[in-house]
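J.: Submitted below is the structure of interest, expressed as structure tokens.
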Amino acid sequence: MQNKLNFEKSRLATAVQACEAATASISRPSSPLETAMQVIPERELMVRSELEDLLDQIPNKRTQNSTTDANFDDDVELNAVTDYLLDAVANERLKKLKNVHANRELVQKLCTLKTKVQSHLSGLIASVGELEQQQKQRAELADWISKQQVIVSDWMMRPCKLRPEAAKQELMAMDDLLNAVGDKRSQLMLDLTGSRMFLDAFKLNYIFVCNSSLFLILVADDENDLIGKIDKLETQLMDAIAKKKAGQNIIDNYRQSAQDMNNWFDSLIKRMDVLDKGSSLNCAQKMSAITDVKKEYDEQGPQKLQDLKSKAAQVAEIISNLDGQQVKEQMKSYDRRYLDLGKRIDRKAQLLDVTNKSVEAIKAETDQLQNWVKETLKTLQTPALLGYEPKSGEARQQTIKSIMKEAESKQSLTDALEKRIANMQSELEPAEYAQLGSALRNLNTEQKNLSATLKIEMEKALEATRLRKVLENDLEKARNWLKAKISKVRQLPGYHPLTALEVENKLQENKRFDDEAKQFNDTVLSDLQRQAINIMKDCPETERASLQRILDEIEADYKILKDECGNRAKTLGDLLQGRKAFEKSMKQMTDWLNEMETATEGDLRTSNLPVLEEQLAHYHKLLKKAENMDDLLNDINEQGKGVSPSLSNPDKLKLNDDIKSMKDRFGKVKQTLNNRVSTLGDHIKKYKDAKSKLAEFMEFLNRIQQRLRDLNKPIGAKIEDVQELLRAYEGILKELKDSKHNMGDMEVDDLPELQSILAQQDDMIKLIEDQLAHLRQLLLLREQFIALINEIIAFIMKYTDVLVDIENAPDSLEEKINKYDDVIVKIQECEGLLASANDKGQKIASEGTAADKNSITEQLQSLKNQLGNLRKAVEQQRQKHQIQLEHHKKMATELMEILDWLHNTEGVIKSRPLLDRDPDSVEHELQKHHKLCSETQEYLDKFNKINGSVKSEIGMPGSLLEMLSEGRSLVSSLPPEMAEREKYMINNRDSRLAYMKLVAEFNAWLHEAEDRLQCGQHGIDYEHLMRDLEEHKLFFGNEALMRSLVHKQIQEAADKIWPSLNNYEQTELSGELAQFQTKLTNVLARAKTQQADLEREQERFREYQQSMERVKTTIECTKFPDEPVNNLAGLHFNIQKLTHAMGNVMVSK
């Protein structure tokens, strides 16, 4: 439609242009533009033809008159146009125009027509713009409808939302869209009304331009199409809203049922919670209440759960898979909670039963413990007498310990009872708990009394044993001490000590013995007597006599010790006086010898002659004093001979050695004095002959100094120059040493002039020796420098060839790197040699000429450059191989880490773990397996990445190639193993679920059967006995089916999971299967018994009903109208009726 409008617009614009051109031609007929041969538009031709038709209809006379009278000037202008500028058509047109121009009125009409055409064209252009805007809005509306249809289709296809917030939000979005559709419809209707009004005006005003009927049809079709699309969108949206609301109603019903189920669970739990502590119910009442709860659970639970499951199934059909999974999890939660509630009810019933039994057992054990405590207390009240020996107390201790140990065992029983009562506190009522607690507190009180009594008796026994052990130890110590002291006192030596100090020590030792004996009497002996008196109070008569004899023996030993100490003290006092006199003489002689040795210890002073003479007079005086001390030495010798017979052999040897040493020292001192006197005389004689030889040595030294000054000149760089100087200095040194040897023959050494000459001579010798050493060092330095230069040159030549050999060798990268490292080490060593050669060259150059220095420097720099080039080449090759080796090492490290992890995990992947019976544990293991598989796949991907990066295996180490091969093997073997392991776990999980489903089915039947069997224990409902019997037969009539379930289906399901269980789980499973079979057998047996009872009761009830019918019949027969008696005949008549009724009753019996 837009294209059509644009086409009509272009046609109108062309018509306007044609009108303008015609007007211009009429107003200016002689315009030179008309003379040009131009292409005339078709529309202009049509307008021209119409204008020509109009011109043809004008009368000629009227035109001629008007032209002649009014427009004479214009005719002049028209006539002025040259004919040769116009063609034939133009001439014809000009002729016609001249006629038209002659009529002014006709021109005015044409101008008016032009103005109207222009105004209509302006209105038409504005209308076209409005139509274009409306067309654009319709296009946008159509696009919006298409998009919303897609959204509505998506809503139709999308499942319902489980969460109420999401569902509410989705419905609100739909309502918003529905309102938007209504708004768009209203807007479209307004636009449609405006368009039709515009088209009517368009048809009236521009009927001559275009075919307006066709245009109106197109616009109407477009608007009808939009209305149809909006209707369709609204219909689809309403359907989607209805579908969502219907689904939400289903979800709300499911949610309400779930809430009802939760409320029912909560009500049962509250009813069970009432049975806890504080309910003021005894155990029997609690058992009755828990039975009612269990009955309601068994009767109403399955139906409620089944209704909830059916609603959950309806919800699962209209929601997404994710929400469906959530609903599934909720149903599993309700199943688990239902089963947990049943288990909780069973546990509660079992707990109440156990609680009753435990209370009775606790009471019995409490009575037994109280009786034992009373008997033990009676036994402890009559203890027996003890002896004075510790073993009687120890026997008493053992007896009490055994009782205490038994009391501790009884106390542990009491504690166990207390724990049992405490554990039962939550199941017992306060009154019951208080009764048990009171009995237990009484028992604890009696046990505490018993423990206190035992502790007192044990303390008494321990104290008695301790006192007897102390007495026994003290008696033994006293006897041993007395024996030891008596033996020490009696052991007098055959010889006396040499020194007075030792004799005095012996005397002090004897006094100490006497003091210890007195202290023993005052402390130990008196304490023993006191202890013995205290112990004798608790001893029998015989034990007292034995203890007294022991005390008397100890008293006798004490008296012997006192007598021996007195005799020994007298003997040692006399000996001490003689030893002190002898030691005084020895000290006097020793002091004099020490003084003389000190006086003669220093050397003689021979510095000058007066000192020598003074020393000689001093030593003569000392010789005279030594002759006086000779008499004292003889007296000491005589005293030693008198003391010697009473000494021991070691002391005799010591005494003889001391006297002999004293004599030797005296002789040495005297000999030293004589030698000193003789030596001083000789020194005085020699000192005077020494000065005559000094002048000769002074002249010799002056000549040597002059020769040394001549040799002090620069040293050449050659070895021969050094050798020549070396020989000259060696000759001078030889002469100086010979001269020193001659001066050494002089016997006087302490002359000042001689010492000065000798010092000068020593300085010169030292100077020459230092110079010789320096020259030898210079010679060695030059030899070493030449050797180092030669060695460096040989090294460079050798290792230039070694580099080529290393590169050509078929070694590994590590071996080549190691060889390059060795070469670098050698180069570093050679650089050290070069540095050493440089130092030596610098030293040589420092003492040589400038030419020698330049030659050495040039030679060293050349070697340094060659060695540096060699090192750069080695380091470049080493770095190249090192980079390649690091890449291999990095790859090896990564492969090692990956392979270690894969090897550690390989055993787990190839294993088939033993699983528990719980499917949740298998699911947990399956999740762990998935985690393990993901981790393993990550490591396998890492290996594949490394393996894919290996372009070539040439040059790789053998270990790296082995790891790559090993990794490829694991890549091919581990994924199948992981899949097999997962399949193993999934199969076991499914088997366990199937087993649990069968067990749950059997348990449900078993619970219902138990409920049905329990109903008969509370009495028989004779009114519904027939119904109960029929239901009983109907329920227990599927015995074969249940036996097949237990003995075949459950057994087969257990066999499937049996291989994946450990020994404990297998034992538990076997016990569970046996328990199922036992329960089934017992329940069926009880059902048969109960069925027989019901049938018997049915027969009895039938007989009872028959009897009741006969009784009722008899009673009916005995009834008669009790009419009032007014005469004797009436009375007789009543008597006859009663007699007849009694006869009927007797017949009925």
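The opening position of the sequence shown corresponds to residue 1 in UniProt numbering, with each subsequent residue numbered one higher. Glycine is no exception: its CB is placed at the ideal position from the N, C-alpha and C atoms. Computed from a prediction, not measured in an experiment: that's the story for all the values here.
What does the alpha-carbon distance come out to for the pair E601 and V611?
T.: In the sequence shown, the residue the question calls residue 601 occupies position 601. In the sequence shown, the residue the question calls residue 611 occupies position 611. Whole-angstrom Cα-Cα distance: 17 Å.
J.: Are the beta-carbon atoms of L498 and K654 separated by less than 9 Å?
T.: The residue you call residue 498 lines up with position 498 of the sequence shown. The residue you call residue 654 lines up with position 654 of the sequence shown. Contact flag set, yes.
J.: Nearest-angstrom Cα distance between R871 and E829?
T.: Locating residue 871 in the sequence shown gives position 871, counting from the first residue. Locating residue 829 in the sequence shown gives position 829, counting from the first residue. Rounded to whole angstroms, R871 to E829 spans 12 Å at the Cα level.
J.: Kindly list the residues whose CB is nearer than 7 Å to the CB of V293, restricted to its own chain and excluding five residues on each side of it in sequence; keep chain order.
T.: Counted from its first residue, the sequence shown places residue 293 at position 293. Correct list, in chain order: L268, R271, M272 and I345.
J.: If you scan the stretch 250-328 from start to end, which runs of the alpha helix (DSSP H) of 4 or more residues do you find wholly inside it?
T.: Here the runs fully enclosed are 283-318.
J.: I'd like to know whether the C-beta atoms of I145 and I230 end up nearer to each other than 9 Å.
T.: Numbered from 1 along the sequence shown, position 145 holds the residue referred to as residue 145. Numbered from 1 along the sequence shown, position 230 holds the residue referred to as residue 230. Closer than 9 Å, so yes.
J.: Can you give me the C-alpha to C-alpha distance between D367 and Q285, rounded to a whole angstrom?
T.: Along the sequence shown, one-based indexing puts residue 367 at 367. Along the sequence shown, one-based indexing puts residue 285 at 285. D367 and Q285: Cα-Cα distance of roughly 27 Å.
J.: If I241 and L162 are in contact, beta carbons under 8 Å, what's the gap, nearest whole angstrom?
T.: Residue numbering aside, residue 241 sits at position 241 when the sequence shown is read from its first letter. Residue numbering aside, residue 162 sits at position 162 when the sequence shown is read from its first letter. Not really, about 18 Å apart at Cβ, beyond 8 Å.
J.: Looking at the unbroken alpha helix (DSSP H) that takes in D527, where does it start and where does it end?
T.: Translated into positions along the sequence shown, residue 527 becomes position 527. Segment S526 to M536, the alpha helix (DSSP H) holding D527.
J.: In the DSSP output, what is C160 paired with across the bridge?
T.: Counting from 1 along the sequence shown, the entry for residue 160 is found at position 160. The partner list for C160 (beta bridge, DSSP) reads I319.
J.: What are the boundary residues of the alpha helix (DSSP H) that includes V922?
T.: Counting from 1 along the sequence shown, the entry for residue 922 is found at position 922. P919 to S949 is the span of the alpha helix (DSSP H), which, as asked, contains V922.
J.: For a test of the three-state rule: what should DSSP assign to L1029, helix, strand or coil?
T.: Position 1029 of the sequence shown, counting from 1, holds the residue named residue 1029. In the structure shown, L1029 sits in a helix (DSSP, three-state: H, G or I).
J.: Just to confirm the assignment: which complete alpha helix (DSSP H) runs, minimum length 4, are found wholly within the stretch 388-427?
T.: Runs found: 390-423.
J.: Quick check: the Cα distance between P645 and N637, rounded to an integer number of angstroms?
T.: Counted from its first residue, the sequence shown places residue 645 at position 645. Counted from its first residue, the sequence shown places residue 637 at position 637. Going by the C-alpha atoms only, they are around 14 Å apart.
J.: Work out the CA separation of K910 and S812 for me, nearest whole Å.
T.: Counted from its first residue, the sequence shown places residue 812 at position 812. Counted from its first residue, the sequence shown places residue 910 at position 910. C-alpha separation (whole angstroms): 38 Å.
J.: In whole angstroms, give me the CA-to-CA distance for K401 and L380.
T.: Position 401 of the sequence shown, counted from the first residue, corresponds to residue 401. Position 380 of the sequence shown, counted from the first residue, corresponds to residue 380. Approximately 12 Å, taken between the alpha carbons.
J.: Classify T1139: buried if its beta carbon has 16 or more other beta carbons within 10 angstroms, exposed otherwise.
T.: On the sequence shown, residue 1139 is found 1139 positions in, with the first residue counted as 1. Burial call: exposed.
J.: Would you check if the distance between the CB atom of P540 and the CB atom of E472 is smaller than 9 Å?
T.: Taking the sequence shown and counting its residues from 1, one reaches residue 540 at position 540. Taking the sequence shown and counting its residues from 1, one reaches residue 472 at position 472. In this structure, E472 does not lie closer than 9 Å to P540 by Cβ.
J.: Could you round the C-beta distance between V677 and Y729 to whole angstroms and report it? I think they count as a contact, below 8 Å.
T.: Taking the first residue of the sequence shown as position 1, residue 677 is located at position 677. Taking the first residue of the sequence shown as position 1, residue 729 is located at position 729. Wrong, their Cβ atoms sit about 49 Å apart, outside the cutoff.
J.: What do you get for S973, buried or exposed, if any count of 16 or more other CB atoms within 10 angstroms of its CB means buried?
T.: Position 973 of the sequence shown, counted from the start, is the residue given in the question as residue 973. That one is exposed.
J.: Beta-carbon within less than 6 Å of W155's beta-carbon, same chain only, minus the 5 sequence neighbours each way: which residues are those?
T.: One-based indexing of the sequence shown puts residue 155 at position 155. Hits under 6 Å: A240.
J.: Within 10 Å of its beta-carbon, does L385 have 16 or more other beta-carbons around it, so buried, or fewer, so exposed?
T.: By 1-based counting over the sequence shown, the position of residue 385 is 385. Exposed, since its Cβ has fewer than 16 Cβ neighbours within 10 Å.
J.: With a threshold of 16 other CB atoms inside 10 Å of the CB of D563, please say whether the residue is buried or exposed.
T.: Counting from one through the sequence shown, the residue named residue 563 turns up at place 563. So D563 ends up on the exposed side.
J.: Please return the same chain residues whose Cβ sits closer than 6 Å to the Cβ of L616, not counting the five positions on each side in sequence.
T.: As a working note, residue 616 is residue 616 in the sequence shown. Taken in chain order, the residues that qualify are L680.
J.: Report the residue from E724, F1076, M985 and S1070 whose alpha carbon sits nearest the alpha carbon of E1001.
T.: Within the sequence shown, residue 1001 is the residue found at index 1001, counting from 1. Ranking E724, F1076, M985 and S1070 by Cα distance to E1001 puts F1076 first.
J.: DSSP state of L647, grouped into three classes?
T.: Within the sequence shown, the letter at position 647 stands for residue 647. Looking at L647 - three-state DSSP - the assignment turns out to be strand.
J.: Alpha carbon to alpha carbon, how far is E735 from V722? Give it in angstroms, no decimals.
T.: Locating residue 722 in the sequence shown gives position 722, where the first residue counts as 1. Locating residue 735 in the sequence shown gives position 735, where the first residue counts as 1. So the alpha carbons of these two residues sit roughly 21 Å apart.
J.: Ordered along the chain, which non-local residues of its own chain (more than five positions away) have a Cβ less than 7 Å from that of S320?
T.: Residue 320 sits at position 320 when you count from the first residue of the sequence shown. Only P159 meet the Cβ criterion.
J.: If you draw a straight line from the C-alpha of N356 to the C-alpha of G247, how long is it?
T.: Here residue 356 corresponds to residue number 356 of the sequence shown, with the count starting at 1. Here residue 247 corresponds to residue number 247 of the sequence shown, with the count starting at 1. Rounded to whole angstroms, N356 to G247 spans 54 Å at the Cα level.
J.: So the alpha helix (DSSP H) T445 belongs to, where does it begin and stop?
T.: The residue you call residue 445 lines up with position 445 of the sequence shown. Looking at the DSSP string, the run of the alpha helix (DSSP H) that includes T445 is P430 to R490.
J.: Could you tell me the distance, in whole angstroms, from the CA atom of N987 to the CA atom of V908?
T.: Start at 1 with the first residue of the sequence shown, and residue 987 comes out as number 987. Start at 1 with the first residue of the sequence shown, and residue 908 comes out as number 908. If you take the alpha carbons of N987 and V908, they lie about 18 Å apart.
J.: Can you give me the Cβ contacts of T672 inside the same chain, cut-off strictly under 7 Å, excluding the 5 residues immediately before and after it?
T.: Residue mapping note: residue 672 aligns to position 672 of the sequence shown, counting from 1. Within the same chain, T672 has close Cβ partners T600.
J.: Give every residue of the same chain whose Cβ lies closer than 6 Å to the Cβ of E516, excluding the five residues on either side of it in the sequence, and list them in chain order.
T.: Working through the sequence shown from its first residue, we reach residue 516 at position 516. There are no such residues.
J.: What is the DSSP secondary structure of C565, counted as helix, strand or coil?
T.: Counting from 1 along the sequence shown, the entry for residue 565 is found at position 565. Three-state result, C565: helix.
J.: For Q1091, which residues of its own chain have a beta-carbon under 8 Å away from its beta-carbon, when the five flanking residues on both sides are left out?
T.: Within the sequence shown, the letter at position 1091 stands for residue 1091. Cβ within range, chain order: L1029, H1032, K1033 and F1036.
J.: Kindly indicate which three-state DSSP category A809 falls into: helix, strand or coil?
T.: Mapped onto the sequence shown, residue 809 falls at position 809. Three-state DSSP puts A809 in coil, outside helix and strand.
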